[in-house]
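Just so it is clear: in the sequence shown, position 22 is 79 by the working numbering, and no numbers are missing.
Each residue gets a CB set at the ideal place from its N, CA and C atoms; glycine is no exception.
Reading through the structure tokens given below for one structure.
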Amino acid sequence: MATADAGPGFVKEHVRAVTAVVSVVGYAVVIGAFAGLIPIPDISRELVLVLSDLIAVINTLALTALLAGTYFIRSRQIRRHRAAMLSAFGLIMLFLVVYVTKVGGGFEKSIVIEQGQFLAAYAGIVEPLYLGMLAVHILLSVVSVPVVLYAVVLGLTHTPAELAETSHARYGRIAVAAWTVSLALGILTYVMLNHVYSWEAVRRGALLLLVAGPSLRR
């Protein structure tokens, strides 16, 4: 009996506490990687570039799964909704591993708008716009973590009938909205940084300085 209470039943009865603990651990891992507190082996420049592209692919797949899951729940296809949302969640976990490896072992990128590139004459507008989208992407990524986790843990520990009596749908809608915008902006900023404009490497942990403005980048 004690074993059962310490297993899935415990999680089901303490969804908020479990969500809080897992969220804190996730935040600690990312902050530790940014601050260099987690021993991550250095990786080559070439691998950093590969991981950057891989992150974009993962985010695109996650966004696709998320939108599919939204369609499935609206058409009352519960099993497909569950599969799509768990796929999206799994992809985001994969993203976290790849991102921490890239940031902790490599470097980050700062946008550079060179003469002759698209809308280069309006660099004074384009660069702040890019940094603003990046800031929103990061902010939504951070604040959506506990909301997403809460909806996922509820979904994993309750039957569809039980979920109807919980706040799963309400938190799910909030999670989907924040998650969708964050992923879409992440993909858009990736395209701008890697395929429209140029970039320069910045030191590990410089992301907050990067989004604060060009004058603080170096």
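Beta-carbon within less than 6 Å of residue i's beta-carbon, same chain only, minus the 5 sequence neighbours each way: which residues are those?
i	result
residue 276	An answer regarding residue 276 cannot be provided, because it is not within the stretch 58 to 275 covered by the chain.
residue 79	206
residue 126	138, 141 and 142
residue 89	95
residue 144	122
residue 174	254
My assumption, with CB atoms under 8 Å, is that residue i sits in contact with residue j. Please give the rounded CB distance.
i	j	result
residue 105	residue 164	6 Å
residue 244	residue 120	7 Å
residue 101	residue 251	No, residue 101 and residue 251 are not in contact; Cβ-Cβ is about 17 Å, not under 8 Å.
residue 183	residue 176	5 Å
residue 87	residue 157	6 Å
residue 36	residue 228	Outside the displayed range of the chain (58 to 275) lies residue 36, so it cannot be described from this structure.
Tell me, please, which residues DSSP counts as bridged to residue i.
i	result
residue 168	256
Out of the options, point me to the one whose CA is closest to residue i's CA.
i	options	result
residue 69	220, 243 and 230	220
residue 246	136, 101, 112 and 85	112
residue 254	101, 229, 154 and 187	187
residue 233	81, 114 and 123	123
residue 73	214, 193 and 237	214
residue 166	256, 75 and 144	256
residue 218	93, 84, 172 and 135	135
residue 99	237, 162 and 85	162
residue 258	83, 103 and 77	103
residue 85	172, 153 and 237	153
residue 225	237, 211 and 216	211
Does the Cβ-Cβ distance between residue i and residue j come in under 8 Å?
i	j	result
residue 241	residue 201	no
residue 118	residue 148	yes
residue 160	residue 91	yes
residue 151	residue 97	no
What residues in its chain sit with their C-beta under 7 Å from that of residue i, if we drop five residues either side in the sequence?
i	result
residue 198	239
residue 129	137, 138 and 141
residue 170	177, 180, 183, 184 and 254
Tell me which residues share the same chain as residue i and place their Cβ nearer than 8 Å to its Cβ, disregarding the 5 neighbours each side in the sequence.
i	result
residue 168	184, 187, 188, 249, 250, 254, 255 and 256
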